[in-house]
Amino acid sequence: MFDAIKPYLALIKLALLAGALFGAYAAGSRHAEAAAAAAELAHRNAAISEALQAERQASARSASLARADQRRQDARQMHAITITQEVTRYVENENARRAAGGAVVQLDADWVRQHNAAASVPGDIDAGSVPAAAAEPVTAGAALETVAANYEQCYAWRDQVIGWQAWWAAQPPGVSSTAAVH
């Protein structure tokens, strides 16, 4: 029986060799595909990890900015309360002096006009100038109330600008203002 196969033995060996080569090629191809899929998965995982890290950093920056803003607001509020109490005390003392017939400091109309001019925004066409007849004398207490209110508004705007500057400084390099906002 073995003699009957002998003429075909070379053909059988060739078929087995071709089968082994095909099997090796198929296994290698699957291995290459698996390696490519693993590399793609590793690349995706790295991108996700980088995005999560950037998100954590942005969250930490936001929390830090929020804490700093809250500290500024708390300090400003305490300052405003203190100033308001002092202004109220001054005005009450002034009213008591007037009621007792004592002298009360009067600021003349010229002082009022100069204060209004100094407090107006240069180039603000809506503000206009204060006509000479429109300004009337005021007591020092009334002027102090106005000045304190003006400063409080100024401080609020200042804190807002400081917050914007801190936010801008905290942006990672290469982030444009439009990309950071959207």
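The sequence shown runs -26 to -1, 1 to 156 under mature numbering (1 follows the signal peptide of the UniProt record, and there is no 0).
Quick reminder that beta carbons are idealized off the backbone N, C-alpha and C, glycines included.
Because the structure is a prediction, the values reported are computed rather than measured.
Starting from residue i, follow the alpha helix (DSSP H) in both directions and report where the run begins and ends.
i, result
"residue 23", "-25 to 73"
"residue 139", "114 to 143"
"residue 84", "83 to 93"
Determine the burial state of residue i: buried for a count of at least 16 other Cβ atoms within 10 Å of its Cβ, exposed for fewer.
i, result
"residue 24", "exposed"
"residue 112", "buried"
"residue 86", "buried"
"residue -4", "exposed"
"residue 68", "buried"
"residue 75", "exposed"
Which one of the options has the shortest CA to CA distance from residue i?
i, options, result
"residue 65", "17, 136 and 122", "122"
"residue 36", "4, 142 and 55", "142"
"residue 118", "138, 63 and 41", "63"
"residue 41", "137, 148 and 147", "137"
"residue 90", "70, 17 and 120", "120"
"residue 46", "135, 124 and 10", "135"
For residue i, which residues from the same chain have a beta carbon less than 8 Å from its beta carbon, with the 5 sequence-adjacent residues on both sides left out?
i, result
"residue -12", "none"
"residue 26", "none"
"residue 110", "83 and 86"
"residue -16", "none"
"residue 124", "93"
Cutting at 6 Å between CB atoms, please list the residues of its own chain near residue i, excluding the five before and the five after it.
i, result
"residue 57", "122"
"residue 154", "Confidence at residue 154 is low in this model, with a pLDDT of 49, below 50, so its placement is unreliable and no value can be given for it."
Short of 7 Å in beta carbon distance, which residues of its chain neighbour residue i, apart from the five on each side in sequence? Order them along the chain.
i, result
"residue 156", "Any reading at residue 156 must be qualified, since the residue scores a pLDDT of 47, below 50, and its modelled position is unreliable; the value itself is stated next. Here the set comprises nothing."
"residue -23", "none"
"residue -9", "none"
With distances taken between CB atoms, is the gap from residue i to residue j smaller than 8 Å?
i, j, result
"residue 140", "residue 39", "yes"
"residue 126", "residue 21", "no"
"residue 133", "residue 50", "yes"
"residue 114", "residue 61", "no"
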